[in-house]
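Visitor: To start, I am sharing the structure in question, which I have written as structure tokens.
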Amino acid sequence: MGFKYNKVLVTGAAGFIGFHLSRRLLADGRDVTGIDNLNDYYDVTLKEKRLAMLQEDHGFSFVKGDLVDREGIRALCAEGRFDVVVNLAAQAGVRYSLTNPHAYIDANIVGFVNILEACRHSGVKHLVYASSSSVYGANTNMPFSVHHNIDHPVSLYAASKKSNELMAHSYSHLYGLPCTGLRFFTVYGPWGRPDMALFLFTRAMLKKKPIQIFNHGKMQRDFTYIDDIIEGVVRVMANLPQPNPEWSGNHPDPGTSYAPYKIYNIGNNNPVELMTFVKAIEEALGITAEKEFLDLQAGDVPATYADVEDLMQDVGFKPETPIKVGIERFVAWYRDYYGNNGDR
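Residue numbers (this note's numbering): 7 to 350.
Put into structure tokens, the structure is as follows:
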């Protein structure tokens, strides 16, 4: 039957994943409180449009706030008495972490400890939080498994996400707080982030500008459609992490624990070549892109590939939306939102 819950706090509710998750929870009849600081890392108008759609539902309430506001987060959780907190608020992006490292420490480390403390003191029954495929860093053992060692991050963003996993484990150990971390793999789809490849490529093609292909096209990504991500998150929310009775300190398993703590990958389990991805966008748009081939960017990895066996075993779900279908849906949304020439 799963864990019964009704009152949910979604942090980063005006963000790409937070918006879609909030919509799904509201459609399922949940009571959703969303918090977001509406920062200008990317187009604030897009965040405001997402938020406006959520606010049309009577089951949604919004708080404009920041996770670094310790007292504000504590008061919100104390008043809200949430069953589940889903932490999706973060400073995202690998490249941005090279030039603005302090933003990642503030949002992803300080903000996260404030969430942990607020959950502990307000009796939250399940904390679900976003990690990232970037935590696999220099690991090249494919497919990436939650049972692999991830001690070699190649960006501060990745290091901050691994830190979240470690911090969550300490709270599971010390206070019995059930914590589930979700490593998302290259999420894409309608209402997506403008700093992501699909958005950048689509906009450039419509404006007849060249697209930048890094690592000379020799990239693979486990592109995961947003609806699959949300289905995975919702199923995990209802599945409280259980201590692993077979966990041993002599052979410590990174993906489970003797505490109520679990990590899952949510990815398509099907890495796609970057050039195949580009071709799918070209077909959906009916445009052949002008391509500029460049070297691999600092902090980036050549390939990602998710092992989702634990997700399938525990919640009976595996992402399966084909890249062609997902891109067609994104392009249809993009043209509707921005118009055929990419200008709103």
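C-beta atoms are modelled at their ideal positions from N, C-alpha and C, and glycine is treated no differently.
Note that the structure is a prediction, hence the values are computed from the model and not measured.
Enumerated in chain order, which unbroken segments of the alpha helix (DSSP H) with a length of 4 residues or greater are wholly contained in the segment 215-259?
Guide: Entirely contained in the segment 215-259, the alpha helix (DSSP H) runs reaching 4 residues are, in chain order, 232-243.
Visitor: Mapping the DSSP letters down to three states, classify N271 as helix, strand or coil.
Guide: strand
Visitor: Based on the DSSP secondary-structure assignment, which residues constitute the bridge partners of C185?
Guide: L133, Y267
Visitor: Kindly indicate the opening and closing residues of the beta strand (DSSP E) around I41.
Guide: According to the DSSP assignment, I41 belongs to the beta strand (DSSP E) that extends over 37-42.
Visitor: Going by alpha carbons, who is nearest to S139 out of N245, H108, Y311?
Guide: Y311
Visitor: What separation, rounded to the nearest whole angstrom, lies between the Cα atoms of D306 and L31?
Guide: 33 Å
Visitor: Per the DSSP calculation, E279 is bridged to which residue(s)?
Guide: Q226
Visitor: My output table needs one value for M7: the three-state DSSP class, helix, strand or coil.
Guide: Summary for M7: the model assigns pLDDT 44, below 50, so the residue's position carries little reliability, and this model does not support an answer.
Visitor: Since D228 contacts N275 with CB under 8 Å, what's their CB separation in whole angstroms?
Guide: 7 Å
Visitor: Quick one, are the C-beta atoms of I272 and R189 less than 8 Å apart?
Guide: yes
Visitor: Rounded to whole angstroms, what is the Cα-Cα separation between Y378 and Q303?
Guide: Here the chain has residues from 7 to 350 only, and residue 378 is not among them.
Visitor: With a threshold of 8 Å, are at least 3 pairs of Cβ atoms found where one atom belongs to the segment 88-98 and the other to the segment 20-28?
Guide: yes
Visitor: Just to confirm the assignment: which complete alpha helix (DSSP H) runs, minimum length 4, are found wholly within the segment 55-141?
Guide: Counting only runs of at least 4 residues, the segment 55-141 fully encloses the following alpha helix (DSSP H) elements, listed from N- to C-terminal order: 76-86, 102-105, 107-110, 117-128.
Visitor: Could you tell me the distance, in whole angstroms, from the CA atom of F351 to the CA atom of D342?
Guide: The first residue shown for the chain is 7 and the last is 350, placing residue 351 beyond what the model contains.
Visitor: By a C-beta neighbour count over all protein chains shown, 10 Å radius and 16 as the cutoff for buried, is K268 buried or exposed?
Guide: buried
Visitor: Tell me, please, whether the segment 112-122 touches the segment 31-41 by the rule of three or more beta-carbon pairs shorter than 8 Å.
Guide: no
Visitor: Going by C-alpha to C-alpha distance, which of A164, G86, H158 sits closest to Y102?
Guide: A164
Visitor: For A338, count neighbouring Cβ atoms within 10 angstroms of its own Cβ and tell me buried if that reaches 16, exposed if not.
Guide: Around the Cβ of A338, a 10 Å sphere holds fewer than 16 other Cβ atoms; the residue is exposed.
Visitor: Apply the 10 Å Cβ neighbour rule to S151 and answer buried if 16 or more other Cβ atoms are within range, or exposed otherwise.
Guide: buried
Visitor: Would you say T192 and T230 are within 8 Å of each other, going by their C-beta atoms?
Guide: yes
Visitor: Does the distance from the CB of I253 to the CB of Y270 come in under 8 Å?
Guide: For clarity, residue 253 is Trp in the given sequence; the question names Ile instead. 8 Å or more divides the Cβ of W253 from the Cβ of Y270.
Visitor: For Q352, count neighbouring C-beta atoms within 10 Å of its own C-beta (all shown protein chains included) and say buried if the count is 16 or more, exposed if not.
Guide: Nothing about residue 352 can be read from this structure; the chain reaches only from 7 to 350.
Visitor: What ranges does the beta strand (DSSP E) occupy inside the segment 162-213, keeping only unbroken runs of at least 3 residues that lie completely in it?
Guide: Within the segment 162-213, the complete beta strand (DSSP E) runs of at least 3 residues are 185-190.
Visitor: What residues in its chain sit with their C-beta under 7 Å from that of K330, if we drop five residues either side in the sequence?
Guide: Beyond the five residues adjoining it in sequence on each side, K330 comes within less than 7 Å, by CB distance, of A286 in the same chain, given in chain order.
Visitor: Could you have a look at V160 and say whether DSSP puts it in helix, strand or coil?
Guide: Correct three-state label for V160: coil.
Visitor: Using CA coordinates, which residue listed in P216, V74, S28 is at the minimum distance from K297?
Guide: P216
Visitor: Comparing C-alpha positions only, which one of L291, Y142, T262, P277 sits nearest to S178?
Guide: T262
Visitor: Locate the alpha helix (DSSP H) running through K330, then write down its first and last residues.
Guide: 329-344
Visitor: Relative to the alpha-carbon of K53, which residue among L317, L44, A109 has its alpha-carbon at the smallest distance?
Guide: L44
Visitor: Relative to the C-alpha of I79, which candidate in A136, L122, P308 has its C-alpha closest?
Guide: L122
Visitor: Based on the DSSP secondary-structure assignment, which residues constitute the bridge partners of T17?
Guide: I41, N93
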